[in-house]
Each structure stands twice: as structure tokens, then as C-alpha cells.
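Note that my numbering has the sequence shown beginning at 1, numbered continuously upward. C-beta atoms are modelled at their ideal positions from N, C-alpha and C, and glycine is treated no differently. Bear in mind the structure is a predicted one, so any value in this text is a computation, not a measurement. Okay, structure first, notes after.
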Amino acid sequence: MPPSALESVIVTEPTKETTQQTTSTISSAPHNPAHEEHQYLSLIRNILENGEHRPDRTGTGTYALPFPPQMKFALSRPSSDPTSLDAELILPLLTTKRVFLRAVIGELLWFVAGSTHSKSLSDAGIKIWDGNGSREYLDSVGLSHYEAGELGPVYGFQWRHFGAEYKGHSHDYTGEGVDQLAEIIDKLKNKPYDRRIILSAWNPADIKKMALPPCHMFAQFYVSFPGHKQGEARPRGILHSLLYQRSCDMGLGVPFNIASYALLTHMLAHVCDLTPGTFTHTMGDAHVYLDHVEALKVQVEREPREFPTLKINRDIGASIDGWKAEEFEVVGYKPHASIAMKMNETNIQTNDDYLLRFVIPQVYVAMAETGRAYGIVTSYTARCSDDAAASRLVGKIQRSTHPAAWAQTCIKQPLQPPDKNPHRLNRCFLDLHDTSSRSTKDVASTNYREAFQLFDKRGNGRVDRGSLGDLLRACGQNPTLAEIDDLVRGLGGADFDFETFSKILNRPGGFREPFDIEEYIRGFQVFDKDRSGFVGKGQIKYILTNLGEKMSEEEVDELFKSTIDASNNEVDYREFVKTIAEN
């Protein structure tokens, strides 16, 4: 679809002065519980008050409720013009915040066109698919063979070519697969009583090929003829629609989806010469992202305003193809002010945050840094180049009672691996520094001070706060990057003394154990979308080279040689982690 088709939509809006006047009037108006938008606002309140706290694929965390009550929205009403027999069309565009209408229309036309590449949307200033089409994200979900922007057989492909083999966004799919929209239109016109007027975006055979599996996945259409009696001529039918949405982002996604499927129903009704009736929204996992909570608390206190009306400037009965954004005219949309909410899309930043904050303590393979110290993973020299690198080795595999001495030794002299296996390194910790004459407690206390002194570059009894993470690891701890960030923010100043550091070391709850097999496995499961137990080699390489303390590609290749059969492209990540842990 050319960008010009997406660049404009006619929205008749009030002036600034009118908006201010309306705001003051609305704010003093009585509460109107009959307004359909209260269905949405009530569900938000219910989730905030009673929702279960759950982790999610983006790493943000949510409050969620399963299978909440349906929401139903009228799409038409009798015309306010007594001389007109046509119904007045309604667009349920939420008013307690401004909804990005241009993007709703642009994306819907993109779906209808069967598009699978984000470029036309992005060029028109609609960036909602950019994250899922980025090079980094595609690599992270095993779609490295897609060019940036290609999304695979997502919504539009399934709507227009269901069952066809996906061969890339530039392939001509004319005549391939099932054109569900064409079949729906044929049934609405010729078999309106059919109970199989279905639109499905969920194709299990194609899920792995998609950058993002469908959230709004299944719609059904129903034509009613109220008051019609057998044998009489049928009146103009009324088109109703129902959407089942498996995953419902209540803050950003659901307002968008309500408008989108209402608009699709209007389009189908226009093409088939039907009157739009109602749109019913059925939800699976209805959730509020944690970083949307405060914004939604503001939104639920606002009083809904009248939904706008819709005019379609296109001949009735025309094709479903070739629509342009300017053919939709939205009249009287007077929303409250916009409310900023972060889009928790599936992109590498959010996956990275999830893995680092909730699952992975720093890096999947702790031995990478240790291998660097011995010069046995790549061409690194047989010793650490600086104390920061040395400190990262300590505490990763087992808690050492002499970390500072170990790190200092590592810096000052070349070391040789204890045996031919480059990852069998536990004995090194005990061989490097004899502590048998002192109690474990004394050794630990002494070496915490030694470690602190190692990082006290200026000799003034203080360590720069940017070195806190490395210092904690030198003391046998295994903090996540998120924990380090939180601790650094809590320090306040640019540096800290040993007393402050001791409090951090002895904080309630301590730090996580250096190597918890199940935690690492759960980290890989983030990328195992169908829970098969396998992920691609490319995905593992991406994880190790991009998340936490990043390994180089050469290091990962060397690691693969010692842990994975070269003939396997799919890796049993549970066995992969166990192999590393055992070594």
C-alpha cells in the first residue's frame, strides 16, 4: 500500500476554545453509567483492584484477569435527521483519552491489503510495527532470514491467503490460499444466515514464521433481520460482529482494537449494503502493564463523552480493496487529553529487560569470562587485562572465600587451566590461595576488604559507584544488572565507603545463587514460543552475544564446539544448560 493511502483521514474536531469550554462543561456533568465506555473503565478498575500479578513476555509485568465480561458497543442509531431513513453510524472511539485514529485506520487498511512488511506504515508515520520488524528483534526470535521490516504471515496474510505457503513479502500471492475476506463478503451477500462467517488470523502452522502471533485472532459475523417473518421480503440486514482476543493490553491495545474491528464491521456493512449493528468484544487474558497503572488511574476518573459519528465517502457495494484513509470522515470526536503510555511491544529491549531483571543473573554462561582469563575460549591472553575483568570471574561458578586474592593473582600472573576441559574450573578457586589456617568468616571479612582496596583507585577509602557491580562479583555475589542499577541509584553520591558496601553485602535476602539451572532454563523458555524444549542455534547465539555481559561470536562458536553437536540446528536448551553446569 502506498504511503499516500495512509497519510490522511478526515477528522472534524473542535477548536481549542471549544475544547476548553467542553472540558469545563463535562467535568461538572453528572456521572452517566449508561455510557458504553464505562464497560471499559469498570474493567480497568476491576483489574487494578483484583488482578493477579503475572510476568509476561515483554518483561514489564502485569495485573491480569481471565475471561472478563464481554463488552458490547452500538455501531449505529436512528438518524437525528427526521427526513433521513439511513441510520447514523457510530464509531466507538474511546473518549477518556485520545486514541491514535490515523494509526487505527492505516493499520486496518494494511491488514485488508494483505501486507506483511512494516515499511508502508512506517513511511506514513505509523510506527506501531517497527519494533517487531527490527533487525535485532527478528534475530532474537529466530527469523534472521527475514529482512528488516518483514513480519511474516501475520494478520493481513491470514485474512487474504490463509493456508498459502509464505514466501516473503514481495511474492505475488494472487490465487494462493483462502481469501477469507472475499468468502465473508460472499456469505454476507448470498448466505446471510450462515453460521460459518468466520475470520481467523490464528494459523498454528504459521505461528513460528510470524514476528508476533495474533492477539486479536478470531472474528464472527452475524446478519439479523429483526421482525422479519417467513415468506415476507427481507428488510435490509443488520450486521453484528464479535471478536475473540486472546491477549488484551487494556491500556494501549484494547482501545485500538475496539476501534479497528468496529471500523472493519462498518467497511463490510458498506460493501454488503447492510446496516452496522453491534460490536462485541470477548477477551481472554485482560491485563494492565505495571508501567500503565498510574496513567490508567487518571483515565478511569474521567467522564466519558459522546462517541463520534462516522461518514463513509465511498459508493455502497464497492470492493473491499482499494480503500483510502480519506474516505473515512470521523465527526465530533472530542476526547479528553492524551495520556502517555509506553508501548510494551515485543522488541529486544523489553525481552532484554525481562531476562536481566527477572530471570538471568548477568549471563547464561558464567564460564565465558573465566575462559577469557585463561586464554582458552578465543585468542585472549592467558591472564586478565584489568581488575574489572578479573572480578567478573569470581563468584560466577561457586562462592569463593578468597575472591580478592584470586582476582589479584589472576591479574598479576598468567594462569593455566587445571585440566584439558576449559570449563572445569572450580578447583582453581581453591588452588590459587591457601586459606586453611583461617576460619571461613575471617577469610571472607578480610577478603571483602581486600576486594574493596583493589577497587579503591585513589587510595582515599572510597570506590566509584560505577564499579559496584564488579566489586560485588569480586566478593562472590551474583547481582543482576537490574539489581546493580537499583543499588547504584540508592548510593546517591559518586562514590561509597567500605561501611556502605558492607551494608549492601549483608542486605536482607542477599543475592541469588550463582548458577540455578532452572532459572537459566526459564530464560531460554522466553524464546521457546511453543514450549517444544528446543530453540535454534541462531537464537542461542543471539542471547549470548546481546544479553547481559555479552560474549563475542567467536567465543560462542567455541562454546558450541564443546557442548553442541555441529549437525544440530535446533538445540535442546535444557541439556545445553545442564552440560554447562556439569562442566
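Look at the Cβ atom of residue i, then the Cβ atom of residue j, and state whether they are nearer than 7 angstroms.
i, j, result
"residue 199", "residue 251", "no"
"residue 201", "residue 245", "no"
"residue 106", "residue 124", "yes"
"residue 187", "residue 197", "yes"
"residue 112", "residue 259", "no"
"residue 67", "residue 36", "no"
"residue 334", "residue 305", "yes"
"residue 175", "residue 164", "no"
"residue 142", "residue 536", "yes"
"residue 219", "residue 239", "no"
"residue 205", "residue 248", "no"
"residue 47", "residue 75", "no"
"residue 256", "residue 104", "yes"
"residue 114", "residue 160", "yes"
"residue 339", "residue 191", "no"
"residue 221", "residue 235", "no"
"residue 573", "residue 139", "no"
"residue 452", "residue 498", "yes"
"residue 309", "residue 288", "no"
"residue 44", "residue 300", "yes"
"residue 60", "residue 54", "no"
"residue 456", "residue 463", "yes"
"residue 216", "residue 243", "yes"
"residue 343", "residue 292", "no"
"residue 465", "residue 505", "no"
"residue 545", "residue 558", "no"
Identify the residues that DSSP records as bridge partners of residue i: which are they?
i, result
"residue 62", "54, 289"
"residue 492", "Paired residue(s): none; residue 492 is not in a bridge."
"residue 280", "72, 242"
"residue 298", "Residue 298 pairs with nothing; no bridge assigned."
"residue 275", "238"
"residue 247", "285"
"residue 464", "495"
"residue 572", "534"
"residue 224", "238"
"residue 452", "Answer by DSSP bridge pairing: none, since residue 452 is not bridged."
"residue 219", "199, 243"
"residue 150", "117"
Is it right to say residue i is buried, meaning 16 or more other beta carbons lie within 10 angstroms of its own, or is it exposed?
i, result
"residue 576", "buried"
"residue 571", "buried"
"residue 1", "A caution first: residue 1 carries a pLDDT of 40, below 50, which makes its placement in the model too unreliable to give a value."
"residue 489", "exposed"
"residue 229", "exposed"
"residue 213", "buried"
"residue 241", "buried"
"residue 211", "buried"
"residue 436", "With a pLDDT of 34 at residue 436, under the threshold of 50, the modelled position of this residue cannot be trusted; read the value that follows with caution. Result: exposed."
"residue 233", "exposed"
"residue 254", "buried"
"residue 32", "exposed"
"residue 69", "exposed"
"residue 120", "buried"
"residue 482", "exposed"
"residue 193", "exposed"
"residue 118", "buried"
"residue 81", "exposed"
"residue 473", "buried"
"residue 86", "exposed"
"residue 77", "exposed"
"residue 149", "buried"
"residue 467", "buried"
For the ligand GDP, I want to know if residue i counts as a neighbour, meaning its beta carbon is within less than 6 angstroms of at least one of the ligand's heavy atoms.
i, result
"residue 140", "Here there are no bound small molecules, and the ligand GDP is not part of this structure."
Under 7 angstroms, Cβ to Cβ, is there at least one residue of chain C near residue i?
i, result
"residue 65", "As a matter of chain content, chain C is missing from the structure shown, which is built from one protein chain."
#### Entry: Every unbroken beta strand (DSSP E) within the region 61-146, with a cutoff of 3 residues, ordered by chain
Counting only runs that start and end inside the region 61-146, the beta strand (DSSP E) elements of at least 3 residues fall at 62-66, 71-74, 76-78, 87-90.
### Message
Across the region 309-317 and the region 280-290, are there enough close Cβ pairs to call them in contact, namely three or more that are closer than 8 angstroms?
### Response
The region 309-317 is not in contact with the region 280-290.
### Message
If we require 4 or more residues per run, which alpha helix (DSSP H) segments fall completely within the region 154-215?
### Response
The qualifying runs are 155-161, 180-190.
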